[in-house]
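Quick note: the sequence shown, position 365, residue 364 per numbering that gives the first Met the number 0, numbers continuous.
Following: one structure in structure tokens, then a few remarks.
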Amino acid sequence: MIARSLKVGIISANWGVKCHLPAWRAVEGVEVLAICTSREASARAAAQANAIPRAYWDYRKLVADPDIDVIDVGTRPSLRYHMLKSALAAGKHVYAGVPFAVNAAQAEELVHLADAMGLKGASDAYFEYIPAHREMRRRFERGDIGELFSAALDIQINLFNPPVPDFSYLWFADKANGASSLRNLGSHAITLLTALFGEIREVVGLQTTHLAAWQVPGAGLVRPQVPDTAVALAQFRRGGTATINISWVAAGGVGWRLDVQGSKGRLSAVHAARFPNSDQVKLYAASAELPFGEEIPLSSDFTHAAHVRVDHEFRPLPCYPMALSFHELKRAIEGLGDASPSLSRALHVERVIEAIARSEHSGRWETVPKPDPSVHLK
């Protein structure tokens, strides 16, 4: 249990500074003590520009800092495993980028290490904290739409067709970095499905690379080695199915949509053209009496929170749901529950993704391995 303020060290001065830093600073009782990059010049510059007391350019020295309680690991998936393993071995709680490893074997090792060390960890899949999704969960759990029949989930956005200007994640193209449309966008989406409807029992699916080259201004032609599109069908252990449709080359794509059909009605979370964020996703409800549906006003309980200093309109927009996730991790470290989404749930999502990949080759339904009964899937 931490009786003093929680001290955080962030690895990454890109998204880590732009969004994670203000989100951490929005949580009462948290101090961002250090920033780490791969180069001394960039680490010192980031620390100075953002009033962060300590700068590191070797993550091993960061995790050895005795004053730091939590390591927030951004970077590429191929690097996260070693950073997270070092942090956990040093007795640090962790906040892990998504996906937090390049395969389920690595993810399982990290989950068991955290458990053995008595440490808490959270996954950076914050969709469940977006106000419309929180309202959807509340209405589903109180039985507004009855028994779950099916869910249809789409993330159809464009990152590379053509490449978004100033998009700095061209490393997504390299398979060695552990990225793909399913592993990156899909990890966020599947984590939300598990938050709403529980574990996934089995899946069948297919991944495809439709766009053979990205014409990047200033960088020339980039030939991706990873799938840009994925479709899958999932069955939940508790009953009900979900279709999952993911693309990051969808020119004019529908953006984000989650349509949930139950025995008594339907709930739809919609955000056109973009990755979903806190002030932009709208929720609609429909029933036999109201077949075309109506927009549901979002409760201030979900758009504002007394325990964080930002709200759903704060920019960058991911800061608010991320700050809520950080707050839950802080409470878990203080012995007041568990982080959500936990590393154990992130492991389940990793197993779902690997089962989809197996299905692509087997051409049949693939079972998702059951979680270790000693590991809580919050």
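C-beta atoms are modelled at their ideal positions from N, C-alpha and C, and glycine is treated no differently.
When you measure from the CB of residue i to every non-hydrogen atom of the ligand SAM, does any distance come out below 8 Å?
| i | result |
| --- | --- |
| Cys18 | Absence of the ligand SAM from the depicted structure is noted, as is the absence of any ligand whatsoever, leaving it without description. |
Excluding sequence positions up to five away, which residues of its chain have a Cβ less than 8 Å from the Cβ of residue i?
| i | result |
| --- | --- |
| Val97 | Ser122, Asp123, Ala124, Asn183, Ser186, His187, Thr190 and Ala345 |
| Gly28 | Ser4, Leu5 and Lys329 |
| Ser37 | Trp56 |
Given a threshold of 16 other Cβ atoms within 10 Å of its Cβ, counted over all protein chains shown, does residue i qualify as buried or as exposed?
| i | result |
| --- | --- |
| Lys119 | buried |
| Ala229 | buried |
| Ser180 | buried |
| Asp395 | As displayed, the chain neither begins before 0 nor continues past 377, which places residue 395 out of reach and without an answer. |
| Ala231 | buried |
| Gln206 | buried |
| Phe291 | exposed |
| Ser299 | exposed |
| Ser380 | Limits of the chain in this structure are 0 at one end and 377 at the other, which puts residue 380 out of reach. |
| Phe166 | exposed |
| Glu380 | Examination of residue 380 is not possible in this model, given that the chain is present from 0 through 377 alone. |
| Gln214 | exposed |
| Ala322 | buried |
| Arg59 | exposed |
| Leu195 | buried |
| Ala50 | exposed |
| Glu107 | buried |
Report the residue from the options whose alpha carbon sits nearest the alpha carbon of residue i.
| i | options | result |
| --- | --- | --- |
| Lys174 | Pro226, Ala211, Ala212 and Gly204 | Pro226 |
| His306 | Leu297, Arg314 and Ser324 | Ser324 |
| Gly204 | Tyr58, Ala233 and Ile70 | Ala233 |
| Gly145 | Ala25, Ser262 and Ala322 | Ser262 |
| Arg138 | Arg265, Ala241 and Ser341 | Arg265 |
| Asp143 | Ser37, Ala212, Ser267 and Trp213 | Ser267 |
| Leu210 | Phe159, Glu39 and Gly219 | Phe159 |
| Val16 | Leu87, Ala271 and Ala46 | Ala46 |
| Phe274 | Trp56, Leu257, Ala285 and Leu289 | Leu257 |
| Glu39 | Leu61, Ala272 and Ala22 | Leu61 |
| Ala48 | Ala33, Arg59, Ser37 and Gly239 | Ala33 |
| Ala172 | Gly117, Leu195, Leu20 and Val248 | Val248 |
| Gly217 | Leu169, Pro52 and Glu134 | Leu169 |
| Asp68 | Val7, Pro340 and Val202 | Val7 |
| Ala271 | Ala285, Ala44 and Asn157 | Asn157 |
| Tyr80 | Lys91, Ile70, Gly90 and Gln105 | Gln105 |
| Arg136 | Glu349, Ala284, Gly117 and Arg350 | Ala284 |
| Val31 | Gly254, Gly252 and Pro52 | Pro52 |
| Gly117 | Phe99, Ala95 and Ala89 | Ala89 |
In whole angstroms, what separates the C-alpha of residue i from that of residue j?
| i | j | result |
| --- | --- | --- |
| Val163 | Gly334 | 42 Å |
| Leu5 | Ile154 | 35 Å |
| Thr208 | Glu359 | 13 Å |
| Lys369 | Arg200 | 8 Å |
| Ala282 | Pro223 | Per the sequence shown, the amino acid found at residue 282 is Leu instead of Ala. Cα to Cα, the separation comes out at about 35 Å. |
| Ala287 | Asn276 | 30 Å |
| Tyr128 | Val93 | 19 Å |
| Gly362 | Asp64 | 49 Å |
| Leu297 | Arg141 | 16 Å |
| Val26 | Leu220 | 42 Å |
| Val212 | Asn244 | Sequence inspection shows Ala at residue 212; the Val mentioned does not correspond to that position. Taking the straight line from one Cα to the other gives about 21 Å. |
| Ala354 | Glu365 | 6 Å |
| Ala241 | Gly336 | 29 Å |
| Pro378 | Ile9 | Because residue 378 is not part of the residues shown, which for the chain are 0 to 377, the question remains open. |
| Pro315 | Gln279 | 12 Å |
| Lys91 | Ala250 | 42 Å |
| Ile352 | His19 | 26 Å |
| Ala54 | Met82 | 16 Å |
| Leu152 | Val202 | 14 Å |
Suppose the cutoff is 7 Å on Cβ atoms and the five residues either side in sequence are ignored; what does the same chain contact list for residue i look like?
| i | result |
| --- | --- |
| Gly197 | Phe235, Arg236 and Arg237 |
| Asp310 | Thr302, His303 and Tyr319 |
| Ser41 | Ala12 |
| Trp14 | Gly73 |
| Val110 | Leu342, Ser343, Leu346 and Val374 |
| Arg357 | Glu365 |
| Lys84 | Leu109 and Leu112 |
| Ala131 | Ala268, Val280, Lys281, Leu282 and Leu297 |
| Pro161 | Gln214 |
| Ile295 | Glu134, Leu282, Tyr283 and Ala284 |
Apart from the five residues on each side of it in sequence, which residues of its chain come closer than 6 Å, Cβ to Cβ, to residue i?
| i | result |
| --- | --- |
| Gln260 | Phe148 and Ser149 |
| Val101 | Pro76, Ser77 and Gly177 |
| Ala338 | Lys119, Ala121, Glu327, Leu328 and Ala331 |
| Pro21 | Cys318 |
| Arg449 | In the structure as shown, the chain begins at 0 and stops at 377. Residue 449 is therefore absent and cannot be evaluated. |
| Val269 | Arg256 and Lys281 |
| Ala86 | Val62, Ile70 and Val93 |
Runs of alpha helix (DSSP H) wholly within the stretch 313-355 (minimum 4 residues, chain order): You should have 318-332.
Segments assigned alpha helix (DSSP H), at least 4 residues, entirely inside the stretch 94-126: 103-116
Inside the stretch 21-88 only - beta strand (DSSP E) runs reaching at least 3 residues: 29-35, 53-55 and 69-72
Uninterrupted beta strand (DSSP E) stretches inside the stretch 260-297 (no shorter than 3 residues): 265-271 and 281-285
Complete alpha helix (DSSP H) runs within the stretch 158-188 (minimum length 4 residues, chain order): None, since the stretch 158-188 contains no complete alpha helix (DSSP H) of that length.
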